[in-house]
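Below: the structure, in structure tokens.
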Amino acid sequence: MVIVAGAGSGGLVAALAAADQGADVLLLEVDKQAHVACNSARSTGMVMGAGTYLQKAAGVDDAWQDLLADVLRKNGGDCAQDVAEALCRNSGALVDWLVDAHGLPLTVVTDFRYPGHSNYHMHAMPNRTGRELVEGLWNVARGNSRITVAEGVKLVGLGCSPDGAVNRVHVRYLDGSDDWVDADGVVLATNGFGGRRDWVREYIPQMLEALYFGGPYSDGSGIEAAIEVGAGISYMDAYQGHATVSADTGILVSYSVVMTGGILVNARGDRFDDETRGYSELAEVMTRQPQGVAFAIFDHSTYTVARRFNDFREVDEMGSVRVWHSLAGMGSTLGFEAERWENTLRMLHECQQGHQDPFGRSNYGPEWQPPWYSVKVQGALLHTQGGLTVNRSAQVLSVDGTPIHGLYACGGAAAGISGQGAAGYLSGNGLLSAMGLGYLAARSLTGGR
Ligand SMILES: Cc1cc2nc3c(=O)[nH]c(=O)nc-3n(C[C@H](O)[C@H](O)[C@H](O)COP(=O)(O)OP(=O)(O)OC[C@H]3O[C@@H](n4cnc5c(N)ncnc54)[C@H](O)[C@@H]3O)c2cc1C
């Protein structure tokens with residue numbers, strides 16, 4: 521029996537792929553609310569895939585080599601390149617399999633390209649939420665006779681045979697009792713350590729005081745269990761931040777508000793960066809702005825695109841997206857300093873006319889049309905991208921670089937492909953590492969059965 525710990529997108533994909541290969545799977549999940557609370561459910565649910573049937577049907581000519589080039593451009597080539605290649609190479613097959621074999625109603629997203637994307641790589645569920653994605657995967661997993669789901673059960677340790685292969689897991693139940701369960705192979709899909717303050721202080725101190733926006737059980741427990749049996753860790757300072765979490769509602773505001781022409785302005789009325797550099801690296805920049813907040817400001821055409829995202833509609837319907845019929849009125853009501861706001865608007869107008877942006881931004885879109893909109897946003901730590909060192913089959917490597925037999929990791933539990941810090945994170949790396957490594961782990965440990 522294969523044991524998968526963690527039922528986010530990584531664990532669910534690993535469980536389904538292993539079951540498809542004929543394995544019996546025990547899926548352990550500590551959180552009875554995982555279908556809404558895990559990181560995958562909190563996400564926007566954008567899944568990267570290159571060369572999918574959906575892309576071909578939409579006239580998008582994409583190739584895994586182009587996706588890999590985007591990943592490596594964003595992280596400066598700083599990652600385990602064989603892992604990145606394996607993920608990109610299999611990304612199209614993964615999306616096709618989710619649609620064909622498991623009926624997930626994914627579509628390719630062609631409204632806009634995410635920062636750093638040279639093509640329309642993203643696929644999403646109809647409402648573009650991670651919750652819809654996770655619930656879709658849960659429904660399929662629950663209906664699969666080879667998969668036994670055990671909720672309220674936490675993996676707290678691993679056991680090995682005399683030759684060092686992982687062959688059992690130590691579990692703890694909600695009532696505090698514990699047990700050991702034998703396993704033919706283990707996949708750690710327990711996400712990272714964003715919810716564990718001592719590790720965030722040690723590895724990502726610059727985000728210690730930022731809002732943490734990830735799942736409550738991302739406490740590094742899977743990583744810790746593997747370290748205890750000799751696993752190596754890498755890229756522990758890597759993380760995904762996000763620049764546009766609604767400061768009033770705590771809901772993520774789709775970055776389409778920036779990528780289709782919007783700007784970020786701090787509480788004084790100044791722009792402070794090239795907003796299209798990437799929302800991950802801008803999260804930390806946001807924490808250094810006055811009061812730690814900014815306003816995403818955009819026009820009606822951007823608003824129309826953003827309304828296609830469920831999360832944005834929720835923020836809008838909760839009254840946090842404000843509509844304005846005068847930009848001057850917007851500035852004075854939001855408390856911007858008049859001269860700074862005028863400068864910002866002058867700069868914006870010139871850039872929309874094709875002038876050089878002092879911050880280096882190149883894609884402004886056309887001149888804004890009224891009405892205009894604002895939403896107050898803050899930077900947040902979404903999840904960590906460092907973790908257990910894995911090879912191209914998602915097998916965990918020991919500190920000396922040799923594979924630990926029987927032990928695999930995916931998603932936030934594994935070292936990702938996002939370089940160091942926040943800037944190497946390409947939008948979509950998170951779910952690609954979760955679902956992609958889960959897929960590769962399952963295929964490897966079942967021997968492609
Ligand atoms: C707001 C937001 C938006 C995002 N948008 C995107 C996006 O659009 N595209 C993208 O690619 N990435 C996105 N990401 C990143 C993405 O969500 C994560 O990279 C991905 O979900 C990680 O998946 P996972 O399966 O590793 O972890 P999770 O989905 O968090 O699943 C881990 C599960 O393991 C359980 N668990 C933890 N410890 C244990 C244990 N010891 N025993 C048993 N169970 C345990 C947890 O309860 C949880 O259910 C976003 C993240 C956030 C927060």
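Final position of the sequence shown in our numbering is 969; the numbers increase by one with none missing. Ideal Cβ placement from N, Cα and C applies to all residues, glycine included. Owing to the predicted nature of the structure, the values given are computational and were not obtained by experimental measurement.
Would the beta-carbon of Leu-675 fall within 9 Å of that of Val-533? no
For ligand 1, any of its heavy atoms closer than 8 Å to the Cβ of Thr-780? no
Consider the C-beta atom of Tyr-723 and the heavy atoms of ligand 1; say whether any pair is separated by less than 8 Å. no
Tell me the DSSP bridge mates of Phe-818? In the DSSP output, where bridge partners are listed per residue, Phe-818 has Tyr-893.
At a cut of 8 Å, does the stretch 910-924 reach the stretch 620-639 through at least three beta carbon pairs? no
List the endpoints of the continuous alpha helix (DSSP H) containing Val-660. 650-662
Identity of the residues DSSP links to Tyr-775 by a beta bridge: Answer by DSSP bridge pairing: none, since Tyr-775 is not bridged.
Do Ser-894 and Ala-826 have their C-beta atoms within less than 9 Å of each other? no
Jot down the residue ranges of each uninterrupted alpha helix (DSSP H) in the stretch 689-768, minimum 4 residues, whole runs only, in chain order. 717-723 and 741-748
At a threshold of 8 Å, does Asp-551 count as lining ligand 1 (C-beta to nearest heavy atom)? Because some heavy atom of ligand 1 lies under 8 Å away, the Cβ of Asp-551 counts as near it: yes.
Whole runs of the beta strand (DSSP E) within the stretch 906-934, excluding any shorter than 3 residues: 915-917 and 923-929
Just confirm the distance between the C-beta atoms of Leu-547 and Thr-710, as a whole number of angstroms; I'd bet it's less than 8 Å. With a Cβ gap of about 12 Å, Leu-547 and Thr-710 do not count as contacting.
Just grab the DSSP bridge partners of Gly-782 for me. According to DSSP, which records beta bridges pairwise, Gly-782 is partnered with nothing at all.
With DSSP run on the structure shown, which of helix, strand or coil describes Leu-965? Helix, per DSSP.
On a Cα-Cα basis, can you pick out the residue from Gly-752, Leu-678 and Gly-899 that is closest to Leu-784? Answer by Cα proximity: Gly-899.
Work out the CA separation of Asp-582 and Asp-616 for me, nearest whole Å. Taking the straight line joining both Cα atoms gives about 14 Å.
What residues match up with Met-867 in a beta bridge as DSSP calls it? Met-867 is not bridged to any residue.
Look up Met-568 in the DSSP assignment and say whether it is helix, strand or coil. strand
Local Cβ density within 10 Å of Ala-644, reported as buried at 16 or more and exposed below that: buried
Return the first residue and the last residue of the alpha helix (DSSP H) that Val-813 is part of. Counting along the chain, Val-813 falls outside any alpha helix (DSSP H), and DSSP gives it neither H nor E.
Do Ala-787 and Leu-854 have their C-beta atoms within less than 9 Å of each other? yes
Any non-hydrogen atom of ligand 1 closer than 8 Å to Cys-680 Cβ: No, Cβ of Cys-680 sits at least 8 Å from all heavy atoms of ligand 1.
Using DSSP with H/G/I as helix, E/B as strand and the rest coil, what is Ala-900? In this structure, Ala-900 counts as strand in the three-state DSSP scheme.
Option in Pro-810, Met-779, Gly-798 and Trp-861 with minimal Cα separation from Tyr-823: Met-779
What residues are listed by DSSP as bridge partners for Val-686? Cys-680
Drop a sphere of 10 angstroms on the beta-carbon of Arg-562, count the other beta-carbons inside from all chains shown, and report buried for 16 or more, exposed for fewer. buried
Give a single yes or no on whether Asp-739 has its beta carbon closer than 8 Å to a heavy atom of ligand 1. yes
Reference Leu-772, options Tyr-755, Lys-552, Val-835 and Glu-655, closest by Cα: Val-835
Under 8 Å: does the beta carbon of Arg-808 sit that close to some heavy atom of ligand 3? Within the structure as shown, ligand 3 is missing, the only ligands being ligand 1.
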